[in-house]
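Quick note: the sequence shown uses this note's numbering, first residue 1, plus one each step.
C-beta: ideal position from N, C-alpha, C; glycine also.
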Amino acid sequence: MENDPEYLKAKRRVHELKGFYTHLLVFVLTMVFLLCINIATKSEWWVQWPFLGWGLGVLAHAFYVFGLIGWLGPDWEERKIQALMAKKQ
1 MENDPEYLKA
11 KRRVHELKGF
21 YTHLLVFVLT
31 MVFLLCINIA
41 TKSEWWVQWP
51 FLGWGLGVLA
61 HAFYVFGLIG
71 WLGPDWEERK
81 IQALMAKKQ
């Protein structure tokens with residue numbers, strides 16, 4: 001089973017999903033913590049800047065993992081290889 005291509009593909013996919021969900025959880029927890037600090041210090045609002053910066057990173061990670069943009073999806077290499085092989089025939 002360890003050498004089965006479908007198993008390896010599914011295992012890679014689960015690893016990608018786990019990585020994204022971990023990234024998202026750390027992002028949310030950190031942003032809540034920073035928001036609490038920003039509110040507690042009663043200073044000028046600054047929490048939006050780390051939110052926007054890191055949020056773009058989370059968004060890009062989601063695009064990669066969930067393939068929201070086809071050419072960034074996790075199966076792009078395999079599709080490209082198949083397309084190139086089909087052209088040679």
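By the CB criterion at 8 Å, A62 and F20 fall inside the cutoff. Less than 8 Å separates the beta-carbon of V58 from that of L24. Close CB contacts of N38 within its chain, under the 8 Å cut and outside five residues either way in sequence, are with W45, W46 and V47 (chain order). Counting along the chain, the unbroken alpha helix (DSSP H) around M85 starts and ends at W76 to K88.
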